[in-house]
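Q: This is the structure I want to talk about, given as structure tokens.
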């Protein structure tokens, strides 16, 4: 399927109607956690499941342990992810608590290409992590079809659109496949402003390289994703699309929030470094980010849906986003993708 403008307008209209109906309130628990819950979601879920006596889950669950031991070098079979118990992960990679009504409905978007070991390792940590936070979630793995140069921005835009066909989520988290959270107090939900969750990464000496960084793990509300027009589709090869997103957020009047560094800690799974796209092309594109963000992005992404299949631990979305124009001069070697 190639996305058309009419579909984009319809889904955006549905979003506006939905968010107009939300009454976002705060209680002491939420103020302490810095989030604002969607009580309309809670009430609607209770009605749908006929659980009139079910209470909302705590905004900050008491069972969170804080620091998690991450051993990415230990390869755990993906079958170790809990899919058999009554409280286990459902087909398609979704889960919701059975003892309370989740305050959050979250879609996790993982852009993917040729990193199966990284993906299985991440899922073995991420599903239990989200269950402890009592977050209703579904994990989407968005794979670029074929062997063409990787376009992370386009496949994340495609993942957003395809996920919104399943449900109108009120939070999206764009998650690199090689980053594992080290602290389960790092809440995977969307506060009032976009939140950069991966503040301190081990490979970067647990320091934020520069204040505009939003790459790695980014939580953003759908209405904000529409406002910034998603990610740019112009960056072929590795690098640039996240810095472009930072410009889009700034130009749209949104500011980046972050957890403290002790909470926003991540382990990066070691892998062979990939060569970036042509730095000269990347610089030229970033120089025009502020001028073109309204013109290209979510509203202009073109892709063909090759496969959408619910697997036991995630929903696979496979998309063909085409090839870069020759003028982009991307380095294409076996290590670049």
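In the numbering used here, the protein residues as written are -1 to 335.
Even glycine gets a Cβ: it sits at the ideal position worked out from N, Cα and C.
#1: Would you kindly work out how many angstroms separate the C-alpha atoms of residue 238 and residue 244, rounded to a whole number?
#2: When you compare only the Cα positions, how much space is there between residue 61 and residue 67?
#3: Taking DSSP's pairing of strands, which residues face residue 145 in a bridge?
#4: Would you mind reading off the limits of the alpha helix (DSSP H) that contains residue 290?
#5: Checking 8 Å against the spacing of the C-beta atoms, do residue 104 and residue 133 come in under that value?
#6: Could you round the C-beta distance between residue 296 and residue 317 to whole angstroms and report it? I think they count as a contact, below 8 Å.
#7: What's the gap between the Cα of residue 125 and the Cα of residue 284?
#8: On the three-state DSSP scale, how would you describe residue 57?
#9: For residue 300 and residue 319, what's the separation of their Cα atoms in angstroms?
#10: Measuring CB to CB, does residue 63 end up less than 8 Å from residue 182?
#11: May I have the straight-line CA-CA distance separating residue 106 from residue 172, to the nearest angstrom?
#12: Tell me whether residue 279 sits in a helix, a strand or coil according to DSSP, three-state version.
#13: Determine the contact status of residue 143 and residue 220, defining contact as a CB-CB distance below 8 Å.
#14: Where residue 113 and residue 122 are concerned, what is the direct C-alpha to C-alpha distance, given to the nearest angstrom?
#15: By the three-class DSSP mapping on this structure, what secondary structure does residue 102 have?
#16: Evaluate residue 225 with the Cβ neighbour count: other Cβ atoms within 10 Å of its Cβ, from every protein chain shown; 16 or more gives buried, anything less gives exposed.
#17: Is the separation between the beta-carbon of residue 186 and that of residue 161 shorter than 8 Å?
#18: Find out if the Cβ-Cβ distance for the pair residue 116, residue 175 is shorter than 8 Å.
#19: Measure the beta-carbon distance from residue 101 to residue 55 and round it to whole angstroms, keeping in mind my assumption that it falls under 8 Å.
#20: Applying the 10 Å Cβ sphere with the 16-neighbour rule, what's the burial state of residue 313?
#21: Using alpha carbons as the reference points, say which of 311, 202, 149, 58 lies closest to residue 184.
#22: Contact check, residue 246 vs residue 217 under 8 Å by CB: the rounded distance?
#23: Taking the beta carbon of residue 223 as the centre, do at least 16 other beta carbons fall within 10 Å, making it buried, or is it exposed?
#24: Under the rule that 16 or more other beta-carbon atoms within 10 Å means buried, what is residue 149, buried or exposed?
#25: On the DSSP letters alone, give me the boundaries of the beta strand (DSSP E) that residue 341 sits inside.
A: This is what the structure gives:
#1: 10 Å
#2: 16 Å
#3: Looking at the DSSP assignment, residue 145 forms no beta bridge with any residue, so it has no partner.
#4: 287 to 290
#5: yes
#6: Going by Cβ atoms, the distance from residue 296 to residue 317 rounds to 14 Å, so no, they are not a contact pair.
#7: 35 Å
#8: Correct three-state label for residue 57: coil.
#9: Residue 300 and residue 319 have their C-alpha atoms spaced approximately 6 Å apart.
#10: yes
#11: The straight-line gap from Cα to Cα measures roughly 6 Å.
#12: Look at residue 279 here: in three-state DSSP terms it is helix.
#13: no
#14: 15 Å
#15: coil
#16: buried
#17: Against a cut-off of 8 Å, the Cβ pair of residue 161 and residue 186 comes out as no contact.
#18: yes
#19: At roughly 6 Å, the Cβ-Cβ gap stays under 8 Å, so residue 101 and residue 55 are in contact.
#20: buried
#21: 58
#22: About 15 Å separates the two Cβ atoms, so there is no contact after all.
#23: buried
#24: buried
#25: Any property of residue 341 remains undetermined from this structure, which presents the chain solely from -1 to 335.
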